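Novice: One structure follows; several queries about it will come next.
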Amino acid sequence: MGLDMYAFTTDRQIERGVDFSAEGATEFHYWRKHPNLHGWMERLYFEKGGQDEMFNCATVKLTADDLDRLETVVKAGNLPHTEGFFFGASDGSETEDDLAFIASARTHIEAGATVFYTSWW
249 MGLDMYAFTT DRQIERGVDF SAEGATEFHY WRKHPNLHGW MERLYFEKGG
299 QDEMFNCATV KLTADDLDRL ETVVKAGNLP HTEGFFFGAS DGSETEDDLA
349 FIASARTHIE AGATVFYTSW W
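Heads up: the sequence shown at position 65 corresponds to 313 in this note's numbering, and the numbers run straight through without jumps.
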C-alpha cells in the first residue's frame, strides 16, 4: 500500500491536458513514495483543468514546457512539500532520478510521442 507513481509514453497524439484514457501506453519511469514530486504533478493537473478531487489514478500530459518548469524546480530543491496517507516522504535523494526522468521524457517528446504522469494510492 502506498503512493505508486508512473510516467507513460504513447504514440497517440493526445489533445487533452488531463483526464484521458491511458490505454495502450508504455510505462517508462516509476517512482515509489516520492510525494513532493506527486504534489508538483497534482498542481500541474489542476492548472490544466483537472477535476479529480483526490488526484488518484488521474492522467496529466507533460509538455516540453512542463518539463522545463519541473527541471528548474527539481534543481533548486523546491518541489512542494506534500503529505498523504501512506505517501511516505521525499528526502532529496530523488533529484538524480527526477532529472533522469526529465531527460528521458524529453527524448520521447522530441521523437513525437505523448508523455504523461499518473499515480495510484
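Virtual Cβ for every residue (Gly too), placed ideally from N, Cα, C. Since the structure is predicted, the reported quantities are computational estimates derived from the model, not experimental observations.
1. Who are the near neighbours of Glu-290 in its chain, counting only those whose CB is closer than 6 Å to its CB and skipping five residues on each side?
2. Determine the closest residue to Thr-257 out of Gly-250, Val-266 and Gly-272, with distance taken between C-alpha atoms.
3. Please report how far the alpha carbon of Gly-265 lies from the alpha carbon of Leu-310, in whole angstroms.
4. What do you reckon, are the CB atoms on Leu-318 and His-282 nearer than 9 Å?
5. Going by C-alpha distance, which of Phe-276, Ala-359 and Cys-305 is nearest Asp-418?
6. Taking only the alpha-carbon atoms, compute the straight-line gap between Gln-261 and Asp-314 and give it to the nearest angstrom.
7. Taking the C-alpha atoms as reference points, what is the distance between Ala-270 and Asp-259?
8. Helix, strand or coil: which one does DSSP assign to Leu-327?
9. Just how far apart, CA to CA, sit Trp-369 and Met-253?
Specialist: Judging by the given coordinates:
1. Start at 1 with the first residue of the sequence shown, and residue 290 comes out as number 42. Excluding positions up to five away in sequence, the list reads Phe-303.
2. Position 9 of the sequence shown, counted from the start, is the residue given in the question as residue 257. Nearest of Gly-250, Val-266 and Gly-272 to Thr-257, Cα basis: Gly-272.
3. If you number the sequence shown from 1, residue 265 lands on position 17. If you number the sequence shown from 1, residue 310 lands on position 62. Answer to the nearest angstrom: the Cα atoms are 8 Å apart.
4. For the purposes of this step, residue 318 is identified with residue 70 of the sequence shown, where counting begins at 1. For the purposes of this step, residue 282 is identified with residue 34 of the sequence shown, where counting begins at 1. Result no, Cβ atoms of Leu-318 and His-282 do not sit closer than 9 Å.
5. There is no way to answer for residue 418, as the model of the chain reaches only from 249 to 369.
6. Here residue 261 refers to the residue found at position 13 when the sequence shown is read from its first residue. Here residue 314 refers to the residue found at position 66 when the sequence shown is read from its first residue. Gln-261 and Asp-314: Cα-Cα distance of roughly 17 Å.
7. By one-based count along the sequence shown, residue 270 stands at place 22. By one-based count along the sequence shown, residue 259 stands at place 11. About 11 Å.
8. Locating residue 327 in the sequence shown gives position 79, counting from the first residue. It is coil, neither helix nor strand.
9. Against the sequence shown, residue 369 aligns to sequence position 121. Against the sequence shown, residue 253 aligns to sequence position 5. In a straight line, the C-alpha of Trp-369 is about 9 Å away from that of Met-253.
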